[in-house]
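Everything on this sheet refers to the single structure shown next.
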Amino acid sequence: MDVLSSRIILRPGDYAATLAFYRDALGLAIAREYPGGTVLFAGQSLIEVAAHGGSGEPSHFGGAIWLQVRDIAAAAAELARAGVRVDREPKREPWGLLEMWIADPDGVPIVLVEIPAEHPLRRDSR
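Numbered according to our numbering, the sequence shown terminates at residue 154, and the numbering increases by one at each position without gaps.
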């Protein structure tokens, strides 16, 4: 199987609130809009906020959205200015990543991650 692209599709209870959260509070750029939905850039992936196909109830997303940021402290300050509630302040995890947790309006967990320069994920393995 060749995977050509990917995206996360969210079907929120309140489309407008969820779109505003991802577009305005998180500052994700719009990739495209269509009747009933908006697709946003999220690094090398896409997040689609769909107003169709849902029940009108908050989604029961069983996972988490992982977003890598360049500077976790700057991201935390930006989110504070946007009024985004932080569920867990940035801290270094035992596996070496700096992580901070927030949630979207439906409670979908979002982990913001900074990969420190000395972390194995940053090392050139060639």
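Note that beta-carbon positions come from the ideal geometry of N, C-alpha and C, so glycine has one too.
Endpoints, the alpha helix (DSSP H) within which TYR43 is located: The count along the sequence shown starts at 1 and reaches residue 43 at position 15. Unbroken alpha helix (DSSP H) run through TYR43: 43-48.
How do the stretch 115-129 and the stretch 141-148 stand: do at least 3 beta-carbon pairs fall below 8 angstroms, yes or no? yes
When the Cα atoms are used, what is the spatial distance from ARG120 to HIS147? For the purposes of this step, residue 120 is taken as the residue at position 92 of the sequence shown. For the purposes of this step, residue 147 is taken as the residue at position 119 of the sequence shown. Taking the straight line from one Cα to the other gives about 11 angstroms.
Alpha carbon to alpha carbon, what distance is there between GLY65 and GLN96? On the sequence shown, position 68 is the one that residue 96 refers to. On the sequence shown, position 37 is the one that residue 65 refers to. Rounded to the nearest angstrom, the two C-alpha atoms are 24 angstroms apart.
Round the Cβ separation of PRO93 and VAL136 to the nearest angstrom and send it over; I've been treating them as touching at under 8 angstroms. Within the sequence shown, the letter at position 65 stands for residue 93. Within the sequence shown, the letter at position 108 stands for residue 136. Note on residue identity: the sequence assigns Ile, not Pro, to residue 93. Rounded, the Cβ-Cβ distance is 6 angstroms, consistent with contact.
How long is the line joining the alpha carbons of PRO40 and ALA78, rounded to whole angstroms? Numbered from 1 along the sequence shown, position 12 holds the residue referred to as residue 40. Numbered from 1 along the sequence shown, position 50 holds the residue referred to as residue 78. Each residue's alpha carbon lies about 7 angstroms from the other.
Report the residue from PRO122, ILE138, ASP134, ILE37 whose alpha carbon sits nearest the alpha carbon of ILE75. By 1-based counting over the sequence shown, the position of residue 75 is 47. Restricting attention to PRO122, ILE138, ASP134, ILE37, the CA atom closest to the CA of ILE75 is found in ILE37.
Own chain residues within Cβ distance below 8 angstroms of VAL114, not counting five before or after: The count along the sequence shown starts at 1 and reaches residue 114 at position 86. ALA104, LEU107, ALA108, MET128, TRP129, ILE130, listed in sequence order.
Between the C-alpha atoms of TYR43 and TYR50, what's the straight-line distance to the nearest angstrom? Here residue 43 is taken as the residue at index 15 of the sequence shown, counted from 1. Here residue 50 is taken as the residue at index 22 of the sequence shown, counted from 1. If I take the Cα positions, the gap works out to 11 angstroms.
Distance between ARG151 and PHE89 (C-alpha atoms, nearest Å): Taking the first residue of the sequence shown as position 1, residue 89 is located at position 61. Taking the first residue of the sequence shown as position 1, residue 151 is located at position 123. C-alpha separation (whole angstroms): 33 angstroms.
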